[in-house]
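The structure appears right after this line, and notes come after that.
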Amino acid sequence: MEDLLTGAAWLTVIFSIFLVFLAILWTLLPFAIFGIKKRLDEQIKIGNKLVSYHKALHEYLKNAGDTPAPSPPFAKPE
């Protein structure tokens, strides 16, 4: 009975605990992915909007020296 948990037996116990832990995480993974999907979609929209603002500002600044300065295309009316 003394050598019940010696040598390879300890390795088997540790590996079994690891597999149970991994199975729990694998089961919870879809909930985590679908939980952040809405936030990721919102971040993508914000990123695309920032890119379009950057392009508009770039075009505005590129043409600023050629003609009198109109208001930027993304400026809010006052």
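Residue numbers for the sequence shown follow the numbering used here, beginning at 11 and rising by one. All C-beta atoms, glycine included, are put in the ideal place defined by N, C-alpha and C. Only a predicted model underlies this, so the values are computations on that prediction, with no experimental measurement involved.
Asked                                                                                         : Found
Using three-state DSSP, classify G17 as helix, strand or coil.                                : coil
Note down the Cα distance separating F41 from Q53, rounded to an integer number of angstroms. : 19 Å
Is A33 helix, strand or coil by DSSP?                                                         : helix
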